[in-house]
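Asker: Residue numbers (UniProt numbering): 1 to 1031.
Cβ atoms here follow ideal geometry from the backbone N, Cα and C, with glycine treated the same way.
I have a structure here, written as structure tokens, and I will follow up with some questions on it.
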Amino acid sequence: MRFGVLGPLVATDEHGEAALKGPRHRAVLARLLIARGRVVPVERLVDDLWERPPEGAVGAVQTFVGALRRALEPDRAPREPARLLVTVARGYALRAESVDAWDFEAAVTEARELLGTRRPGDALSRVDSALALWRGPAYAEFAEEGWARGEVARLTELRLLARELRAEALLALGRAAEVIPELESRVREHPLRENGSRLLALALYRAGRQGDALAVLRTARELLADELGLDPGAGLRELEADILAHAPRLQPSVPKIPERALIGRAAELATLEEAAARSRLVLVSGDAGVGKTALAEAFSARLAARGWTTAWGSDPDDEGAPPAYAWTRILATLADAGYGVAPQAGPVTEDPLAARWRWHRAVASYLAGAAPLLLVLEDLHWAGEETLALLTSVLTEPVLIVATYRGTDPSARLTEFLGRAARHEPARIYLGGLPEDEVAALVRVTTGEDVDPETAAVLHRRTAGNAFFVRELARLLAAEGPAALDAVPPGVRDVVRHRTRALPDTVRSVLFRAAVIGTDLDLDLLEALVGETALDAIESAARHGFLTEAAPRRFRFAHALVRDTLYHDLSRSRRAREHGEVAEALETLHPDDVDALAHHFVLSGKFADRAAHYARAAAERAESRFAPTEAARLWDAALTAYDRSGASDTEKRLELIMGNARASAVSGDLGRARRYRAEALELAEKLNDPLLTARVIGAFDVPAIWTESDDPDLASRLAAAVERTLAALPAEREAERCRLLATLAVELRNAGGRRAREAAEEAEALARRLGDPALLAFALNARFLHSFDRAGLAPRRAEIGSELLDLATRHRLVTFEGLGHLVLMQANSALAEFAAADRHAASADELGEKYGVPLVGVFTRWYRAMRTAMTGPGGEAAYRAAAAGLAGTSMSGVDNGILALALHCDRIQRGLPRETDVKSYGAYESWCRPVLPIPDSPRDLLYEARTCLHAIVEIEHGDRAAMERLYAELLPAEGEIAGAGSGMLTLRPVAWYLGDLATALGRPNAAAGHYRRARAIAVKAGAPHWVCLER
């Protein structure tokens, strides 16, 4: 249990904050904490708690202690001796081991020792982490109590000492200008503390402000004389003499402070230091320009001074960079630092997802071996799919990573990553704007001039403390005076525009061209576009703060907002022309940079043939680098450009369409994949080439887990095309025939009858004879989708799932490995084997995260919602949360009424009446809002659930013939749970409904047997509300 007294009193453990009840309970705990483990007699507690103790005060104290013991040791067994709050003689003692005030004291002592041994960097780090422990005044709610005043005063004094130590450390590090605002505030609060005035005067002197330093000393002397009748102490007198004599030991020459010097952010730096001790991820979010990079730079400099290796990377905000560009830069930095050659992705000669995972693990292991290491990944809001995927893999290793991103309107890709990262418990820092006094300090650092409080207030109001905005307005202020603030419209883009107007036309023209190239600039490319004047213009822009030099002949925009403003100030026509010129120059200079070439040729609006060529090349490279979302975007761009070019090569266009279909399917955009697939099929059949058509149809072997088609019309068209192609395809093309037969069975699931089942069986036999693991996996998928001939076939599906999982695992067929886990999750659920089902759900999730397999999480979230509904309350909320995950998946076969059905089944399995105001049950209307006659259920994953719902209605209506038929249909599934085989929703055990049917049919002995079986299944399933149901 950890206790916090540097603010309101709290007690926390791994389960959260303990409930400490009322004020006197809390007072007893605070009083014992102040005693620091010593015994406090009961009589002393009574006197401290009450000015006039009431009758029974001792008993009340005993009651408070008992309640505190229950709160602090909730797991302690009855009559077991207390270990934390103990009884000693006639009093109590608290055997606390972790108290924030004690940690604070130790840290301040350590910081003082570090400063004494000339280690100011480490001292600053230690004192910052110590000050970050404070959440408010010490013992905040008891500060006025007599028993607390002494301890509160002691801790408050120690806090002031810590702040002075911090100032001394900053002065020793040459950061005088940075510490001045904080010291000015401290001196105003505590004008009689001589050491505070001494440090402020020293900081002012070292910042080149001798007059202000002497004024501080003069004010201190006058206050001491007026208030206390005392002369200044030796420290102030000696400093004044040294300043007047310009003593060399004062180090009057001030080191140059970088433009992006960090102002404030003590708590944030303390959080980063804590993360460094644990080698964990730190997520730093905030608005553009707020200071995320400055914070990372300051922390990186700290660690570098202590011998750490630091490496930085970021993906640019344009789409011309290759996948995992940020990691390319990081790994190159480490190679240059002597850590050896990093693992390379290499060509893909097997399952791309498995190869991708192995490369990720190799990189993660390589980084873990480079400790102590800090990685900084900037601008995650622009990060590509592969950059985020590799970052997810690296999180499994003890590597310190600081990742920055804009917290406003995160992309779906970033949101998904943040969800995956949450399980690693990252430290989180949200950077807000600087307060007013730190805005003034930043202006001073940027311009070398002070601003009066009124101007600082205007700057703060106009910028909301955003560091980039402040710097931009400060430069205007320095150049044009206070009147410039009123002339500039709100918004940093207006500030940037205003500043660029002051540049020579030649420099502005080059900057606009540079903005089209991107955030990172290659001087060779820029010179190819504008000639030898490019370097002069770029250097001039750098002197004005628009660019920074990243490496020889490599420049970067100082801030993305600068580049954004310049780029969007160009008309769309001008941007398109500039992109075309950049593309042509790149083609000569860097013909292998297909990512950048595709980006610029596509945005040029011209050269459609070259845009199509490079976009296709970039798409294939993205696929080889395991970036399916980027590949899908590039395939789409290639096809659009090809159509715009007017070319008429049908086979080439078909290749582009199939590239789109493949990438869309792998990236999880099934609706888009189906549209491309339909277009490819139509185009292929026009060529009258059966082998080509067979390859087009068979290229879409995406595993299917749900037994209802998402697009029945397309499925019918595909089935017809398969039959035509099979008829025309030579018999010796067995592999193509096998894939066609499996495709026929998959497309006609739940609708193809005997022909589809036979196709599945023939495909399986062919695949086994050919010995092709990928074909056999696809054929087993087809067989699974036709394993619903009757009720009670979960054991058969478990066998299929086991073989599929074993096959896919051995041959690294990752998508089918995920399917195997999902099939076994469903089958074990039907059989009430939930320990196994849970394991397979977890394994499916692990695969989905490890390899980026799309849509797995949709089914596992539904499974967990079903488990919630089965084991207790909360089913409705869990189902609604799972249903939200279906949005945008294009899985209409799953989505059509599934939530309404799940909620309907949830009420029935809990013994509640049906809802009467449900608008629609979608595909399940006939069974949820029945109007006789009810149709027979389709033979699919929900066959048993629909049939049990049908049985409930027929029992109510007393139709004996219908009940006999339903009883016979359900009897083979007596050992299963109705609906659970879907892995998405559940009713009660099938045996329960068989018991109801037997009762209605006048067979009490059979009914009793069924109810006993239902109860046994309920116990096995861990469903308490089923166990207690009786008939």
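Can you find at least 3 beta carbon pairs, one from the stretch 226-234 and one from the stretch 379-397, that sit closer than 8 angstroms?
Answerer: no
Asker: Out of Arg-361, Leu-997 and Leu-766, which one is the CA nearest neighbour of Ile-952?
Answerer: For this step, residue 952 is matched to residue 952 along the sequence shown. Out of Arg-361, Leu-997 and Leu-766, Leu-997 has the C-alpha closest to the C-alpha of Ile-952.
Asker: Locate the alpha helix (DSSP H) running through Arg-38, then write down its first and last residues.
Answerer: Counting from 1 along the sequence shown, the entry for residue 38 is found at position 38. Counting along the chain, Arg-38 falls outside any alpha helix (DSSP H), and DSSP gives it neither H nor E.
Asker: Just to confirm before moving on: does the CB-CB distance between Ala-663 and Trp-635 stay below 8 angstroms?
Answerer: Mapped onto the sequence shown, residue 663 falls at position 663. Mapped onto the sequence shown, residue 635 falls at position 635. For Ala-663 and Trp-635, yes; Cβs fall inside 8 angstroms.
Asker: For the beta strand (DSSP E) holding Trp-312, just list the boundary residues, first then last.
Answerer: Taking the sequence shown and counting its residues from 1, one reaches residue 312 at position 312. Looking at the DSSP string, the run of the beta strand (DSSP E) that includes Trp-312 is 309-314.
Asker: Does the beta-carbon distance from Val-152 to Ala-162 come in below 8 angstroms?
Answerer: For the purposes of this step, residue 152 is taken as the residue at position 152 of the sequence shown. For the purposes of this step, residue 162 is taken as the residue at position 162 of the sequence shown. Ala-162 is positioned such that its CB atom lies no closer than 8 angstroms to that of Val-152.
Asker: Taking 7 angstroms as the limit between beta carbons, can you name the residues of its chain near Ala-57, skipping five residues before and five after?
Answerer: Taking the sequence shown and counting its residues from 1, one reaches residue 57 at position 57. Excluding sequence neighbours, Ala-57 sits near Val-46 and Trp-50.
Asker: What is the rounded straight-line gap between the Cα of Gly-7 and the Cα of Trp-134?
Answerer: Taking the first residue of the sequence shown as position 1, residue 7 is located at position 7. Taking the first residue of the sequence shown as position 1, residue 134 is located at position 134. For Gly-7 and Trp-134, the distance between alpha carbons rounds to 6 angstroms.
Asker: Report yes if the CB atom of Val-439 is closer than 8 angstroms to the CB atom of Ala-456, and no otherwise.
Answerer: Here residue 439 corresponds to residue number 439 of the sequence shown, with the count starting at 1. Here residue 456 corresponds to residue number 456 of the sequence shown, with the count starting at 1. Yes, they are a contact pair.
Asker: Comparing alpha-carbon positions, which option in Ser-573, Tyr-567, Tyr-614 and Val-562 lies nearest Glu-587?
Answerer: Along the sequence shown, read from residue 1 onward, the residue named residue 587 stands at position 587. Residue Tyr-614 is the option with its Cα nearest to Glu-587.
Asker: Assuming Ala-30 and Leu-72 are in contact, meaning their beta carbons sit under 8 angstroms apart, how far apart are those beta carbons, in whole angstroms?
Answerer: Numbered from its first residue, the sequence shown carries residue 30 at position 30. Numbered from its first residue, the sequence shown carries residue 72 at position 72. In fact, because the Cβ distance is near 13 angstroms, the residues do not count as touching under 8 angstroms.
Asker: I'd like to know whether the C-beta of Val-722 is nearer than 8 angstroms to at least one C-beta of chain B.
Answerer: Structure shown: chain B not included; a single protein chain is present.
Asker: Below 8 angstroms on the Cβ atoms is my guess for Glu-849 versus Arg-420; work out the distance and round it to an integer in Å.
Answerer: If you number the sequence shown from 1, residue 849 lands on position 849. If you number the sequence shown from 1, residue 420 lands on position 420. The pair is a contact, with the Cβ atoms about 6 angstroms apart (cut-off 8 angstroms).
Asker: Can the beta-carbon of Ile-180 be found closer than 8 angstroms to that of Gln-210?
Answerer: As a first step, residue 180 must be located in the sequence shown, where it is residue number 180. As a first step, residue 210 must be located in the sequence shown, where it is residue number 210. The answer is no: Cβ separation not under 8 angstroms.
Asker: Can you give me the C-alpha to C-alpha distance between Asp-701 and Thr-743, rounded to a whole angstrom?
Answerer: Taking the sequence shown and counting its residues from 1, one reaches residue 701 at position 701. Taking the sequence shown and counting its residues from 1, one reaches residue 743 at position 743. Asp-701 and Thr-743: Cα-Cα distance of roughly 8 angstroms.
Asker: Suppose contacts are defined by Cβ-Cβ distances below 8 angstroms. Is Val-376 in contact with Thr-271 by that definition?
Answerer: The residue labelled residue 376 in the question sits at position 376 within the sequence shown. The residue labelled residue 271 in the question sits at position 271 within the sequence shown. Taking 8 angstroms as the Cβ cut-off, Val-376 and Thr-271 do not qualify as a contacting pair.
Asker: Between which two residues does the beta strand (DSSP E) containing Glu-395 stretch?
Answerer: Mapped onto the sequence shown, residue 395 falls at position 395. Reading off the sequence, residue 395 comes out as Leu, not Glu. Element bounds for Leu-395: n/a, residue is neither H nor E.
Asker: If you count every other CB in all the chains shown that lies within 10 Å of the CB of Tyr-430, and 16 or more means buried, which is it?
Answerer: Within the sequence shown, numbered from 1, the residue matching residue 430 stands at position 430. When all chains shown are included, Tyr-430 counts as exposed.
Asker: Compute the beta-carbon to beta-carbon distance between residue 1120 and Gly-208, rounded to the nearest angstrom, for a pair I have assumed lies under 8 angstroms.
Answerer: With the chain running from 1 to 1031 in the structure shown, residue 1120 is simply not present.
Asker: With which residues is Ile-429 paired in a DSSP beta bridge?
Answerer: Here residue 429 corresponds to residue number 429 of the sequence shown, with the count starting at 1. Paired residues: Val-284.
Asker: Just to check my reading of the structure: Ala-107 and Val-127 have Cβ atoms closer than 8 angstroms, yes? What is that Cβ distance to the nearest angstrom?
Answerer: On the sequence shown, residue 107 is found 107 positions in, with the first residue counted as 1. On the sequence shown, residue 127 is found 127 positions in, with the first residue counted as 1. Contact flag correct, Cβ pair sits at about 7 angstroms.
Asker: Assign Ile-697 to one of three DSSP states: helix, strand, or coil.
Answerer: If you number the sequence shown from 1, residue 697 lands on position 697. Three-state DSSP puts Ile-697 in a helix.
Asker: Looking at the structure shown, is Asp-48 part of a helix, part of a strand, or coil, going by DSSP?
Answerer: In the sequence shown, counting from the first residue as 1, residue 48 sits at position 48. Residue state, collapsed to three classes: helix.
Asker: State buried or exposed for Gly-875, treating a residue as buried only when at least 16 other CB atoms are found within 10 Å of its CB.
Answerer: By one-based count along the sequence shown, residue 875 stands at place 875. Classification of Gly-875: buried, given that the 10 Å Cβ count is 16 or more.
Asker: Assuming Ala-794 contacts Leu-831 under a Cβ cut-off of 8 angstroms, what Cβ separation, rounded to an integer in Å, is found between them?
Answerer: Within the sequence shown, the letter at position 794 stands for residue 794. Within the sequence shown, the letter at position 831 stands for residue 831. Contact flag correct, Cβ pair sits at about 5 angstroms.
Asker: Does the beta-carbon of Glu-747 have 16 or more other beta-carbons within 10 angstroms, so that it is buried, or is it exposed?
Answerer: Walking along the sequence shown from the start, residue 747 turns up at place 747. With 16 or more other Cβ atoms within 10 Å, it is buried.
Asker: Am I right that Ser-937 and His-950 are in contact with their C-beta atoms under 8 angstroms? What's the rounded C-beta distance?
Answerer: Along the sequence shown, read from residue 1 onward, the residue named residue 937 stands at position 937. Along the sequence shown, read from residue 1 onward, the residue named residue 950 stands at position 950. Contact holds; Cβ gap of about 7 angstroms.
Asker: Taking the alpha-carbon of Arg-280 as reference, which of Glu-184, Thr-392 and Ala-220 has the nearest alpha-carbon?
Answerer: Position 280 of the sequence shown, counted from the first residue, corresponds to residue 280. The shortest Cα separation from Arg-280 among Glu-184, Thr-392 and Ala-220 belongs to Thr-392.
Asker: Could you pull the start and end residues of the beta strand (DSSP E) that Val-341 belongs to?
Answerer: Along the sequence shown, one-based indexing puts residue 341 at 341. Here Val-341 belongs to no beta strand (DSSP E), and DSSP marks it neither H nor E.
Asker: Measure the C-alpha to C-alpha separation of Leu-985 and Val-696 and round it to an integer number of angstroms.
Answerer: Sequence index remark: in the sequence shown, residue 985 carries index 985 (1-based). Sequence index remark: in the sequence shown, residue 696 carries index 696 (1-based). Answer to the nearest angstrom: the Cα atoms are 36 angstroms apart.
Asker: Can you tell me which of the three DSSP states Arg-554 falls into?
Answerer: For the purposes of this step, residue 554 is taken as the residue at position 554 of the sequence shown. Of the three classes helix, strand and coil, the one that applies to Arg-554 here is strand, per DSSP.
Asker: Would you decide whether Thr-156 is buried or exposed? Buried here means 16 or more other CB atoms lie within 10 Å of its CB.
Answerer: Along the sequence shown, one-based indexing puts residue 156 at 156. Burial call: exposed.
Asker: Quick check: the Cα distance between Met-825 and His-840, rounded to an integer number of angstroms?
Answerer: Within the sequence shown, residue 825 is the residue found at index 825, counting from 1. Within the sequence shown, residue 840 is the residue found at index 840, counting from 1. Their Cα atoms are separated by approximately 5 angstroms.
Asker: In this structure, how does DSSP classify Leu-373 when only helix, strand and coil are distinguished?
Answerer: As a position in the sequence shown, residue 373 is number 373, starting the count at 1. Of the three classes helix, strand and coil, the one that applies to Leu-373 here is strand, per DSSP.
Asker: How would you write the range of the beta strand (DSSP E) that Tyr-676 sits in, first residue to last?
Answerer: As a position in the sequence shown, residue 676 is number 676, starting the count at 1. Where Tyr-676 is concerned, there is no enclosing beta strand (DSSP E), although the alpha helix (DSSP H) it sits in stretches over 670-686.
Asker: Apart from the five residues on each side of it in sequence, which residues of its chain come closer than 8 angstroms, Cβ to Cβ, to Arg-653?
Answerer: Against the sequence shown, residue 653 aligns to sequence position 653. Around Arg-653: Leu-639, Tyr-642, Asp-643, Ala-647 and Leu-683.
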